[in-house]
Amino acid sequence: MIPNIIIAIDGFSSSGKSTMARQLAKTVGYRYVDSGAMYRAVALYALKNNLFIDSTPDVDAIVASLPDIKIDFKLMPDGSQHTLLNGQDVENEIRSFGVSNAVSPVAAIPEVRHAMVALQQALGKQKGIVMDGRDIGTTVFPDAELKLFVNATAENRAKRRFKELQEKGDNHSTFEQVLENVLSRDHIDMTRSESPLRRADDAIDIDNSNMTIDEQNSLLLELFNNKIKELTATK
Ligand code: DC
């Protein structure tokens, strides 16, 4: 029997890891979970409920609100997944520039991380899952069978994010602002004390700066097939 595995895909923001993870999950028939969407949903809740003092998260108020924040994913007819915040579809809102700017300090709050990690681990119980994020191969699933660490230059990542925002009709930000946001999120994600963005020692590095989507997809499928072969051979 082909074993069901856990695939952990970590990397910097806008490195294209979500696109890779989503496509791989579709190809191999696994469930895809975007862990960043969960932190984005908490940040959106905090913004909507005025849990920021100036632009700094009100940590005590956010922690006190955690029991009132319920995050789910809804499978759409086209196969995509939408994030639900307390039953409401917030998939578009959580991708806005405002949320992108607010999310990193919210994701750095230890209690927020503990709650999200518990939710992520529950989703992975049955295996057969591809999850992407920052700490999936290190903290959430340290025993994941396949771990990938995706990187691309900050310029390339900012270009992608800028294009995405423009395609969505979000013309409020300049390329320089997007680049600044990418660099500042990198910094916060790598320097926070609670499970910072870190490459797992046993992760495979992928730099996709110069790869097409098709090339990325074939590489991932090859890595998946090799892992399955390796696991079935050692059984
Ligand atoms: O991948 P993304 O840009 O949607 O992530 C949004 C934010 O959440 C980003 O600041 C990093 C943070 N994040 C995290 O700290 N841990 C994860 N597992 C996923 C995302």
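Heads up, the sequence shown is in my numbering, so the first residue is 240 and it goes up one at a time.
Each residue gets a CB set at the ideal place from its N, CA and C atoms; glycine is no exception.
**Report entry** Residue environment, D382, which counts as buried when at least 16 other CB atoms sit within 10 Å
**Finding:** exposed
Query - Residue of D374, S274, I427, D453 minimising C-alpha distance to A439 - result: That would be D374, whose Cα lies nearest to the Cα of A439.
Query raised in the report: Ends of the beta strand (DSSP E) at A247?
Result: 245-250
Requested in this report: Label S343 either buried or exposed according to how many other C-beta atoms from any shown protein chain fall within 10 Å of its C-beta, with 16 as the threshold for buried.
Outcome: Looking at its Cβ environment, which holds 16 or more other Cβ atoms inside 10 Å, S343 is buried.
Requested in this report: In the DSSP assignment, find the unbroken alpha helix (DSSP H) run with Y284 in it and report its ends.
Outcome: 274-287
**Report entry** alpha helix (DSSP H) runs contained entirely in the stretch 383-441, provided each spans 4 or more residues
**Finding:** With a minimum length of 4 residues, the continuous alpha helix (DSSP H) runs that stay inside the stretch 383-441 are 393-406, 414-430.
Query raised in the report: Which word fits T322, buried or exposed, when buried means at least 16 other C-beta atoms lie within 10 angstroms of its C-beta?
Result: buried
Query - Length of the line joining the Cα atoms of I310 and T266 - result: 26 Å
Report task. Would you identify the three-state DSSP class for F380, choosing helix, strand or coil? Result -> coil
Query raised in the report: Along the chain, where does the alpha helix (DSSP H) that runs through L458 open and close?
Result: 452-472
Query raised in the report: In this structure, what does DSSP give as the bridge partners for D328?
Result: L323
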